[in-house]
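First residue of the sequence shown? That's 105 in our numbering, and the numbers climb one at a time after it.
Working notes for the structure below.
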Amino acid sequence: MKLSIGQAWDEARGVFRADGKAIFAVALALTVLPGAILETIAPSNLRTNETPWWIALLGLVAALLSLTSQIAISRIALGPSTTVGGALALAFRRMPALFGALLLAILPFALVLTTIGMTQGTDLTPATVPPAMAGAVLLIMLVGLFVLIRLLFLTPLSAERREGPIALLRSAWQLSRGHFLKLLGVILLLLLVALLLVGALGGAVSAVAILALGPIAPGNLSALLVALVQQGLAAMVSVLFVVVVCRLYAQAAGEGFVRSVPDAGRD
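Below, the structure written as C-alpha cells:
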C-alpha cells in the first residue's frame with residue numbers, strides 16, 4: 105500500500121482535535137518536566153567529564169520516560185478512544201520491549217564506532233575522526249540511518265502489538281518495506297520544523313531570558329526558564345512527529361486503523 109503524507113497529516117489534525125489535551129498532558133508529564141528538571145540541575149552545555157555519575161542516571165530515566173510518553177501518545181493516536189490512565193498503563197508495560205528493540209538496533213553500530221575510537225585512542229567525534237577512517241565512519245553512520253528509518257514504526261507497533269523486541273524489529277522492518285523514501289521525507293520535513301521552532305524560536309527566547317536573568321548556571325532561574333522553553337518546543341515537535349508516524353503506520357498496517365480516527369481530515 106502506498107503511503108500518503110497528506111492523508112497522515114489530515115488524520116493527525118483529527119487526532120489533535122479529538123485528543124489533543126490528553127496527548128499534551130502526557131507529553132508535559134513524561135517529557136517536558138523530566139527534561140526540564142534534568143537541564144536545570146545540569147545544563148547540557150555545562151557538562152564535563154567531571155559531571156557526577158548520577159546525572160547520567162537521571163538522563164537515562166528521562167529518556168525512558170520519554171519513550172513511555174511516545175508509546176502512550178501512539179496508543180491515543182491509533183485509537184480506539186482510551187483514557188490517559190489506560191494509555192499510560194499500557195505504555196509502562198510496553199516500554200521495556202521498545203527499549204530492548206532500540207538497543208538491539210543501535211548496539212551493533214555503537215560497538216563498531218566505539219571499537220574504531222579505541223583503536224585511535226580517542227573518543228570518536230566528527231573533529232577526531234582520522235582522515236583515513238572518515239569514509240568508513242560515514243558509511244557506518246549512513247547504514248545506521250537507513251536502519252533507523254526502516255524501523256520508524258517501532259513505537260506504534262509497541263503500542264498496538266504485544267510483541268517482544270526481536271518480533272517488533274521484524275514487524276517494523278516488514279511494514280516499512282518499499283516506503284523508505286517517503287519516511288525519509290517525513291523526517292526531513294519535521295527536522296526543518298524542529299530547526300525553525302526549537303533552534304530559531306527557542307534560541308531567541310533563551311537569549312532574551314539570559315539577558316534578563318543572567319547567564320545559565322546549574323539550578324538558577326535562567327537555567328529553569330531556558331530548559332522549560334527548549335523542552336516545551338522540542339516536545340511539540342516530538343508529539344507532531346509521533347502522531348504523523350502513527351497515522352502512516354495505520355496506512356501501512358491496514359484500512360481499519362485509518363477509520364479509527366475521529367473527524368480525520370475535517371475542518
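Where a beta carbon is used, it is the ideal one built from N, C-alpha and C, also for glycine.
Bear in mind the structure is a predicted one, so any value in this text is a computation, not a measurement.
Is residue j closer than 9 Å to residue i when the C-beta atoms are compared?
i      : j      : result
Ile220 : Val241 : yes
Ala356 : Leu279 : yes
Ala176 : Ala195 : yes
Phe284 : Ile244 : no
Of the residues the options, which one's Cα is nearest the Cα of residue i?
i      : options                           : result
Ala160 : Leu332, Gln174, Ala316 and Ile145 : Ile145
Leu294 : Pro235, Asn153, Leu344 and Leu329 : Leu344
Pro184 : Ala122, Val302 and Leu134         : Ala122
Leu134 : Pro147, Ala308, Val188 and Lys106 : Val188
Ala304 : Gln334, His283 and Leu325         : Gln334
Gly307 : Lys286, Leu150, Leu329 and Ala193 : Leu329
Ser173 : Ser148, Phe203, Asn149 and Arg281 : Phe203
Ser326 : Val136, Ala140 and Phe120         : Ala140
Ile291 : Gly163, Val216, Val349 and Ala167 : Val349
Using only the alpha-carbon positions, how far apart do residue i and residue j sit?
i      : j      : result
Ala321 : Thr223 : 36 Å
Glu267 : Met199 : 11 Å
Ala238 : Gly358 : 42 Å
Met352 : Leu107 : With the sequence shown as reference, residue 352 is identified as Leu, and Met is not the correct amino acid for it. Cα-Cα distance, rounded: 6 Å.
Ala368 : Phe128 : Residue confidence for Ala368 is low, a pLDDT of 36 falling below 50, so the modelled location carries little weight; the figure read from the coordinates is stated next. When rounded, the distance between both Cα atoms is 19 Å.
Leu261 : Leu132 : 23 Å
Could you have a look at residue i and say whether DSSP puts it in helix, strand or coil?
i      : result
Gly358 : coil
Lys286 : helix
Ile314 : helix
Arg151 : coil
Ser364 : Note on Ser364: pLDDT 44, under 50, position unreliable in the model; the coordinate value appears next. Coil at Ser364, not helix or strand.
Pro212 : helix
Thr187 : coil
Count the CB pairs spanning the stretch 294 to 306 and the stretch 327 to 344 that are closer than 8 Å, and state whether there are at least three.
yes
Three CB pairs or more closer than 8 Å across the stretch 109 to 129 and the stretch 304 to 314
No, because fewer than three Cβ pairs between the stretch 109 to 129 and the stretch 304 to 314 fall closer than 8 Å, the two stretches do not touch.
Taking contact to mean 3 or more Cβ pairs, one atom from each stretch, closer than 8 Å, check whether the stretch 241 to 252 and the stretch 261 to 275 are in contact.
Segments in contact, no.
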